[in-house]
Amino acid sequence: MTPTFPYLTTLVLLPAGAGIVAALVPRSLGERTQRLAVEAVGLAGTLATLALAIAIIIGFHAGDGGYTMVSRHSWVPTLGISWHLGVDGISVFLVLMAAVLFPLALLGARIRHNQRSFVAWVLLLEAGCMGSFVALDLVVFFLFFELTLVPVYFIIAGWGHERRNYAAMKFFVYTFAASAFMLVAIVAVAVIHQQQTGVLTFDLVKLSHTHLSLTAQVLLFLGFTAAFAVKAPIFPFHTWSPDAYAQSPTTGSVVLAAVMAKLGTYGIIRFDLTLFPRAVVDLAPVLLTLGVVGILYGAIVACAQRDLKRLVAYSSLAHLGFIVLGTFALTTEAMTGGVLQMVNHGLVTAALFLLIGWIYSRRGTWQITGLHGLQRPAPILAGVFTVVMLASIGLPGLNGFVGEFLVLAGTFITHRWWAIVATVGVVLSALYLLWAFQQVFHGKATEADASTPDLTWREGLVVAPLVALIVFLGVYPKPVLDRITPSVERLVAHVDRATGTTQPVPGPSHRLAVDPAVKHRSAAVAATATAMNGQSTASSSQATGSNGHAAVVSSSTTGAGFRRFP
Amino acid sequence: MIPDLATAVDQTLKLPHIDYLSILPELILLGGALLVLLVSSLRRRMMTPGAAAGWTVLISGAALIAALVQWHEVSAHGPKVEVAGAVAYDGFSVLVNVLVSSALILTALVAEGWLQRERMAGPELHVLMMVSAMGAMVMGAADDLIVVFLGLEILSISLYVLAAFNTRRAESGEAALKYFVLGGFSSAVFLYGIALVYGATGTTNLPQIANFLAQNVILHNGLLLAGIALLLAGFGFKVAAVPFHLWTPDVYQGSPTPVTGFMAAVAKVGGFAALLRVFVSSFGLLRADWQPAVWVLAALTLLAGALMALVQRDIKRMLAYSSINHAGFVLLGLEAATSRGVSSSLYYLFVYTFMVIGAFAVVGVVGGQGDSRHDIDNYRGLGSKRPWLAASLAVLLMAQAGIPFTTGFLAKLEVISAAVAAHSTVLAVVAMLSAGIAAFFYLRVIILMYVPTQPDDGAVALPETDDLGLPRFAMAGALPGTLDASAHAAGLEGAGVTADSSAGASSDAEAQDADVVPAEVVPGDVTPADVVPVGVAIAIGLCLAVTVVFGIAPGPVVDFAHKATLLF
Numbered sequence: 000m001t002p003t004f005p006y007l008t009t010l011v012l013l014p015a016g017a018g019i020v021a022a023l024v025p026r027s028l029g030e031r032t033q034r035l036a037v038e039a040v041g042l043a044g045t046l047a048t049l050a051l052a053i054a055i056i057i058g059f060h061a062g063d064g065g066y067t068m069v070s071r072h073s074w075v076p077t078l079g080i081s082w083h084l085g086v087d088g089i090s091v092f093l094v095l096m097a098a099v100l101f102p103l104a105l106l107g108a109r110i111r112h113n114q115r116s117f118v119a120w121v122l123l124l125e126a127g128c129m130g131s132f133v134a135l136d137l138v139v140f141f142l143f144f145e146l147t148l149v150p151v152y153f154i155i156a157g158w159g160h161e162r163r164n165y166a167a168m169k170f171f172v173y174t175f176a177a178s179a180f181m182l183v184a185i186v187a188v189a190v191i192h193q194q195q196t197g198v199l200t201f202d203l204v205k206l207s208h209t210h211l212s213l214t215a216q217v218l219l220f221l222g223f224t225a226a227f228a229v230k231a232p233i234f235p236f237h238t239w240s241p242d243a244y245a246q247s248p249t250t251g252s253v254v255l256a257a258v259m260a261k262l263g264t265y266g267i268i269r270f271d272l273t274l275f276p277r278a279v280v281d282l283a284p285v286l287l288t289l290g291v292v293g294i295l296y297g298a299i300v301a302c303a304q305r306d307l308k309r310l311v312a313y314s315s316l317a318h319l320g321f322i323v324l325g326t327f328a329l330t331t332e333a334m335t336g337g338v339l340q341m342v343n344h345g346l347v348t349a350a351l352f353l354l355i356g357w358i359y360s361r362r363g364t365w366q367i368t369g370l371h372g373l374q375r376p377a378p379i380l381a382g383v384f385t386v387v388m389l390a391s392i393g394l395p396g397l398n399g400f401v402g403e404f405l406v407l408a409g410t411f412i413t414h415r416w417w418a419i420v421a422t423v424g425v426v427l428s429a430l431y432l433l434w435a436f437q438q439v440f441h442g443k444a445t446e447a448d449a450s451t452p453d454l455t456w457r458e459g460l461v462v463a464p465l466v467a468l469i470v471f472l473g474v475y476p477k478p479v480l481d482r483i484t485p486s487v488e489r490l491v492a493h494v495d496r497a498t499g500t501t502q503p504v505p506g507p508s509h510r511l512a513v514d515p516a517v518k519h520r521s522a523a524v525a526a527t528a529t530a531m532n533g534q535s536t537a538s539s540s541q542a543t544g545s546n547g548h549a550a551v552v553s554s555s556t557t558g559a560g561f562r563r564f565p
Numbered sequence: 000m001i002p003d004l005a006t007a008v009d010q011t012l013k014l015p016h017i018d019y020l021s022i023l024p025e026l027i028l029l030g031g032a033l034l035v036l037l038v039s040s041l042r043r044r045m046m047t048p049g050a051a052a053g054w055t056v057l058i059s060g061a062a063l064i065a066a067l068v069q070w071h072e073v074s075a076h077g078p079k080v081e082v083a084g085a086v087a088y089d090g091f092s093v094l095v096n097v098l099v100s101s102a103l104i105l106t107a108l109v110a111e112g113w114l115q116r117e118r119m120a121g122p123e124l125h126v127l128m129m130v131s132a133m134g135a136m137v138m139g140a141a142d143d144l145i146v147v148f149l150g151l152e153i154l155s156i157s158l159y160v161l162a163a164f165n166t167r168r169a170e171s172g173e174a175a176l177k178y179f180v181l182g183g184f185s186s187a188v189f190l191y192g193i194a195l196v197y198g199a200t201g202t203t204n205l206p207q208i209a210n211f212l213a214q215n216v217i218l219h220n221g222l223l224l225a226g227i228a229l230l231l232a233g234f235g236f237k238v239a240a241v242p243f244h245l246w247t248p249d250v251y252q253g254s255p256t257p258v259t260g261f262m263a264a265v266a267k268v269g270g271f272a273a274l275l276r277v278f279v280s281s282f283g284l285l286r287a288d289w290q291p292a293v294w295v296l297a298a299l300t301l302l303a304g305a306l307m308a309l310v311q312r313d314i315k316r317m318l319a320y321s322s323i324n325h326a327g328f329v330l331l332g333l334e335a336a337t338s339r340g341v342s343s344s345l346y347y348l349f350v351y352t353f354m355v356i357g358a359f360a361v362v363g364v365v366g367g368q369g370d371s372r373h374d375i376d377n378y379r380g381l382g383s384k385r386p387w388l389a390a391s392l393a394v395l396l397m398a399q400a401g402i403p404f405t406t407g408f409l410a411k412l413e414v415i416s417a418a419v420a421a422h423s424t425v426l427a428v429v430a431m432l433s434a435g436i437a438a439f440f441y442l443r444v445i446i447l448m449y450v451p452t453q454p455d456d457g458a459v460a461l462p463e464t465d466d467l468g469l470p471r472f473a474m475a476g477a478l479p480g481t482l483d484a485s486a487h488a489a490g491l492e493g494a495g496v497t498a499d500s501s502a503g504a505s506s507d508a509e510a511q512d513a514d515v516v517p518a519e520v521v522p523g524d525v526t527p528a529d530v531v532p533v534g535v536a537i538a539i540g541l542c543l544a545v546t547v548v549f550g551i552a553p554g555p556v557v558d559f560a561h562k563a564t565l566l567f
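Sequences listed follow chains A and B, in order.
Residue 350 in numbering that gives the first Met the number 0 is what sits at position 351 of the first sequence, and the numbering runs on without skipping anything.
Residue 120 in numbering that gives the first Met the number 0 is what sits at position 121 of the second sequence, and the numbering runs on without skipping anything.
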């Protein structure tokens with residue numbers, strides 16, 4: 000499986016290298032030349048990364064849903080740290096999404112001073128995000144996960160708005176402190192593994208075979224989830240995010256909300272579910288509740304916002320709730336929807352923050368009440384905003400619908416009431432977004448409103464790919480779902496196997512007509528379970544477990560709710 | 000030949016056999032110190048600060064090479080006990096030797112610039128530092144409580160003098176006096192601890208204490224426990240563990256900045272080396288008795304260090320509290336009381352030494368003449384005035400905060416691993432939370448250095464009300480300097496405000512303005528034209544290189560610490 004070309008290592012090192020190059024552009028070139036050179040380096044770096052990400056997705060074969068393009072080198076053997084990178088169907092789209100968003104974020108918002116450091120920080124941030132998405136070694140993941148804080152901190156503090164220092168500090172200290180728990184938990188997993196096997200390693204694949212008692216799992220799960228919940232952010236841990244989103248420069252908001260938020264949700268899927276399946280199953284109701292509360296709370300608070308940027312920040316919180324819901328429903332549909340929703344949320348939020356940034360650059364305000372009737376002077380802006388907003392609301396035919404529908408449908412199977420309450424959030428999101436749209440784009444334009452210029456060609460060029468992707472994923476998500484599903488099935492099977500629960504398989508009436516990718520899935524779960532036997536990662540004891548499990552799956556095709564082994 | 004002579008004397012006086020290689024670095028430093036002292040008294044003119052620093056670098060370089068030879072020897076032949084059981088010659092002691100000689104080289108480079116700037120003739124500074132460093136080496140190698148005490152006193156007495164070295168500043172003398180009084184008190188406590196341990200076990204030799212404890216079960220061990228407690232208090236003072244830390248901020252603040260860096264690095268290395276050896280190897284069997292005490296000590300040290308640093312406005316006091324926080328992390332390794340714990344503590348000390356010397360070197364440069372500019376407001380806008388200096392400090396502070404891809408992160412990872420492996424998970428969580436708190440004050444300095452003074456990038460003029468702006472104006476009047484200067488400064492600030500809000504005057508303009516006026520009034524004002532002395536630049540560069548290179552490729556240092564512990 001190991002390709003000759005180290006795609007993933009390059010994916011991480013390329014933006015980092017470009018960042019260093021950008022930082023070294025000499026000041027002696029003169030302000031204008033330096034600025035152009037820096038922008039060129041930034042654009043070249045991010046576009047090259049995008050090209051690499053596209054190459055990765057072209058070369059990516061879903062296969063059995065395991066990790067591909069693995070590159071694995073010993074790094075600090077004494078400490079058991081290895082440079083272990085790999086992608087599967089879950090991470091590959093996040094990589095692609097990040098790679099798409101970074102050049103757009105750089106192009107979409109021009110900053111007026113210190114371009115050199117700004118571009119360098121953005122590139123370093125891209126390296127950090129990419130590294131987090133592809134790392135399969137816990138310490139390497141943590142390194143990149145923490146590394147992302149530094150550029151974001153400087154981006155907010157250096158180029159943010161009025162209360163930037165406060166926001167930057169709050170962001171950093173919140174996330175840094177939360178990561179403290181994760182670091183201890185990472186070390187604890189490795190230590191327990193070492194006590195069991197005598198091998199000190201932080202390798203995710205090896206650690207996933209560690210036998211942990213339920214108490215240990217719950218504690219460690221809480222340690223990991225503390226960091227992820229703050230990073231995402233999940234409901235009660237979100238207080239840093241409206242400040243950070245609102246005070247960031249547009250590029251920062253885009254990256255924070257669209258890419259970095261996914262580090263948290265991705266971390267939950269990748270690490271919590273892999274390492275602590277029993278704790279996940281036991282605590283799923285709690286997390287589901289937090290997700291639903293987040294959906295409702297975000298939506299309600301968003302309704303009360305008078306500031307467009309904060310409104311989008313809270314709507315982002317609400318949409319993240321859906322991802323949490325999809326993850327902890329622990330069904331293939333819901334999780335596939337959750338992963339897709341991560342990508343959708345990234346695209347939509349990025350587009351929203353870019354559009355709001357452009358409105359701000361024209362008018363100098365985010366106050367909804369200060370803007371009226373922009374539709375007439377800026378029809379293209381209004382049109383694009385409409386599409387993006389409708390995608391955010393979840394209109395069928397746009398990407399938000401596919402993700403949210405899968406999440407809700409998948410959740411409904413196992414956790415009916417949560418799904419029902421969450422659906423209210425969809426309605427609320429229509430409420431506040433349409434209200435804001437009405438205020439800003441309809442109504443009577445004042446003089447200032449009437450002279451608001453429309454999108455420039457450059458801005459149009461930036462937002463066009465986003466709109467195209469939003470529509471494409473809404474109309475034809477099959478290629479994406481086809482690649483996500485095997486990995487998700489594998490993960491769900493892993494959780495089922497470890498906990499002795501079975502994923503309830505919906506009867507024919509529950510079959511999801513909208514989703515071609517999951518048509519074959521009722522058989523696929525059983526197939527995956529047996530296919531696991533052949534995996535190099537499956538130990539013999541687990542193999543017997545999955546044999547038994549396959550039998551249970553085949554016998555429980557209609558049940559709703561979990562069935563456990565006695 | 001020396002061995003022959005030794006045998007000859009041995010027969011008549013029953014002197015112990017001495018393998019001089021085992022104490023070679025100590026001998027080099029002592030001999031070098033005496034040589035420099037001699038030359039400087041006979042030929043005062045020969046010993047310019049530059050020459051003294053050169054000598055010191057050469058001598059400590061020789062000590063470093065000797066230590067590396069020792070490492071080779073120890074790796075090949077395993078640990079030994081030398082000088083009649085007084086000195087341990089093992090990986091642990093060699094690592095301390097390597098570390099102390101490196102610290103000495105760096106401090107000598109930094110001190111040279113300081114002496115030049117303060118126009119002080121100071122071969123004595125270098126001599127005292129060499130002697131003090133030798134004390135730290137003795138502590139690292141001591142295999143007998145009396146020898147530990149000997150090393151402790153050599154280390155401390157030189158440090159008392161060093162703290163008072165800047166005779167022109169009252170704070171320096173005050174710091175020295177405080178350090179001396181409290182240090183003397185703690186030495187007495189320590190000595191009494193030795194006496195009690197001797198009373199309980201009948202020996203002061205560390206391996207013999209361990210043997211005694213292994214062979215005898217002491218039913219009423221109150222005496223021994225009291226002795227251990229007193230030893231812990233004595234060590235706690237030296238390594239600045241809470242609640243024995245009260246001297247630290249005052250002394251760190253008052254001492255000349257290079258001395259502060261030296262103190263923070265070498266005194267801590269020496270203290271921790273002896274602490275680890277005494278507690279883990281001699282009292283290892285009683286760990287159930289002292290671990291809870293160390294647990295409490297570590298938790299207090301971690302939290303108090305981080306919390307108290309939050310409220311400091313003086314950068315040296317802040318770094319003092321941050322060094323207390325670091326001491327807490329090293330204590331984690333001791334609390335684990337395993338070989339992994341010892342190795343992680345050693346690794347932490349190793350990387351800490353470079354981070355702290357580098358940070359204090361930058362602080363010394365920014366401090367300007369007379370060591371007067373240590374308020375954190377002096378760091379405002381450093382990023383645009385002195386980009387390299389600011390970047391260095393930013394990296395070193397981030398390493399101290401434990402940001403990935405620096406040695407600081409791996410050091411924290413190591414001690415945390417050791418603590419978790421020893422089932423001290425709660426303490427590990429406390430430690431990482433304290434690191435989260437600590438990140439706040441490190442970042443506060445960084446944010447100040449890079450706070451852009453021009454308005455934002457928005458196309459429309461923003462209402463620029465920097466939330467850190469208010470304290471700045473308040474501080475303008477409170478800055479040290481005469482009324483004249485503050486009046487001028489206040490006027491300039493006023494002008495600055497209008498310039499800021501209207502045209503977005505760059506920080507450079509403001510800085511230049513500030514330079515023009517108080518140049519005579521505040522003698523040591525940092526100006527963009529100030530040159531960082533070559534020695535200081537080299538030292539900072541070395542510290543940075545160690546911090547970053549070993550942060551990305553930590554293999555060698557980690558292995559060094561591991562092997563040093565295996566050969567313990």
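Even for Gly, the Cβ is constructed at its ideal location relative to N, Cα and C.
Are residue 354 of chain B and residue 269 of chain B touching if we call contact CB-CB under 9 Å? Against the second sequence, residue 354 of chain B aligns to sequence position 355. Against the second sequence, residue 269 of chain B aligns to sequence position 270. Result no, Cβ atoms of residue 354 of chain B and residue 269 of chain B do not sit closer than 9 Å.
Taking the CB atoms as reference points, tell me whether residue 321 of chain B and residue 361 of chain B lie closer together than 9 Å. Residue 321 of chain B sits at position 322 when you count from the first residue of the second sequence. Residue 361 of chain B sits at position 362 when you count from the first residue of the second sequence. No; because the gap between Cβ atoms is not below 9 Å, this pair is not in contact.
Which residues in chain B sit within 7 Å of residue 145 of chain A, going by Cβ to Cβ distance? One-based indexing of the first sequence puts residue 145 of chain A at position 146. Ordered by position in chain B, the residues that pass the 7 Å Cβ test against residue 145 of chain A are 402 and 403.
Rounded to whole angstroms, what is the Cα-Cα separation between residue 510 of chain B and residue 259 of chain B? Position 511 of the second sequence, counting from 1, holds the residue named residue 510 of chain B. Position 260 of the second sequence, counting from 1, holds the residue named residue 259 of chain B. Only weak support is given to the placement of residue 510 of chain B: the predicted model assigns it a pLDDT of 38, under 50, and the value that follows is read from those uncertain coordinates. Their Cα atoms are separated by approximately 28 Å.
Exposed or buried, residue 129 of chain B, counting other C-beta atoms within 10 Å across all chains shown (16 or more means buried)? In the second sequence, the residue the question calls residue 129 of chain B occupies position 130. Under this definition residue 129 of chain B is a buried residue.
What residues are listed by DSSP as bridge partners for residue 366 of chain A? In the first sequence, residue 366 of chain A corresponds to position 367, counting from 1. Answer is A:306.
Please confirm whether residue 359 of chain B and residue 410 of chain B have their CB atoms less than 9 Å apart. As a working mapping, residue 359 of chain B is identified with position 360 in the second sequence. As a working mapping, residue 410 of chain B is identified with position 411 in the second sequence. Not a contact, by the Cβ cut-off of 9 Å.
Would you call residue 365 of chain A buried or exposed, if buried means 16 or more other Cβ atoms sit within 10 Å of its Cβ? By one-based count along the first sequence, residue 365 of chain A stands at place 366. So residue 365 of chain A counts as buried.
So the beta strand (DSSP E) residue 84 of chain A belongs to, where does it begin and stop? Taking the first residue of the first sequence as 1, we reach residue 84 of chain A at position 85. Start and end: 80–86.
Compare the beta carbon distance of residue 300 of chain A and residue 351 of chain A with 9 Å and say whether it is the shorter of the two. For the purposes of this step, residue 300 of chain A is identified with residue 301 of the first sequence, where counting begins at 1. For the purposes of this step, residue 351 of chain A is identified with residue 352 of the first sequence, where counting begins at 1. Against a cut-off of 9 Å, the Cβ pair of residue 351 of chain A and residue 300 of chain A comes out as no contact.
Of all the CB atoms in chain A, is at least one closer than 9 Å to the CB of residue 51 of chain B? Taking the second sequence and counting its residues from 1, the one referred to as residue 51 of chain B is at position 52. It does not; no Cβ of chain A falls within 9 Å.
Thinking C-alpha only, which one of B:65, B:17 and B:240 is nearest residue 25 of chain B? Counted from its first residue, the second sequence places residue 25 of chain B at position 26. Residue 25 of chain B has its Cα closest to that of B:65, out of B:65, B:17 and B:240.
Is the beta carbon of residue 271 of chain B less than 9 Å from the beta carbon of residue 223 of chain B? Residue numbering aside, residue 271 of chain B sits at position 272 when the second sequence is read from its first letter. Residue numbering aside, residue 223 of chain B sits at position 224 when the second sequence is read from its first letter. Not a contact, by the Cβ cut-off of 9 Å.
Would you please verify whether the beta carbon of residue 236 of chain A is less than 9 Å from any beta carbon of chain B? Position 237 of the first sequence, counted from the first residue, corresponds to residue 236 of chain A. Residue 236 of chain A does not count as touching chain B.
Could you pull the DSSP bridge partners for residue 141 of chain B from this structure? Position 142 of the second sequence, counting from 1, holds the residue named residue 141 of chain B. Answer is B:86, bridged to residue 141 of chain B.
By Cβ distance below 7 Å, which residues in the same chain neighbour residue 51 of chain A in space, the five residues on each side in sequence not counted? Within the first sequence, numbered from 1, the residue matching residue 51 of chain A stands at position 52. Excluding residues within five positions, the ones whose Cβ falls inside 7 Å are 6, 9, 10 and 13.
Write down the C-beta distance between residue 165 of chain A and residue 242 of chain A rounded to the nearest angstrom, noting that I regard them as a contact closer than 8 Å. The residue you call residue 165 of chain A lines up with position 166 of the first sequence. The residue you call residue 242 of chain A lines up with position 243 of the first sequence. The Cβ separation is near 7 Å, so the contact holds.
Euclidean distance between Cα positions of residue 441 of chain A and residue 249 of chain A: Position 442 of the first sequence, counted from the first residue, corresponds to residue 441 of chain A. Position 250 of the first sequence, counted from the first residue, corresponds to residue 249 of chain A. Their Cα atoms are separated by approximately 24 Å.
Cα separation between residue 199 of chain B and residue 230 of chain B? On the second sequence, position 200 is the one that residue 199 of chain B refers to. On the second sequence, position 231 is the one that residue 230 of chain B refers to. C-alpha separation (whole angstroms): 14 Å.
Please report how far the alpha carbon of residue 331 of chain B lies from the alpha carbon of residue 338 of chain B, in whole angstroms. Position 332 of the second sequence holds residue 331 of chain B. Position 339 of the second sequence holds residue 338 of chain B. Their Cα atoms are separated by approximately 12 Å.
With 9 Å set as the bound, which would you pick, yes or no: does the beta-carbon of residue 193 of chain A sit closer than that to a beta-carbon of chain B? The residue given as residue 193 of chain A occupies position 194 in the first sequence. Output row for residue 193 of chain A: interface = yes.
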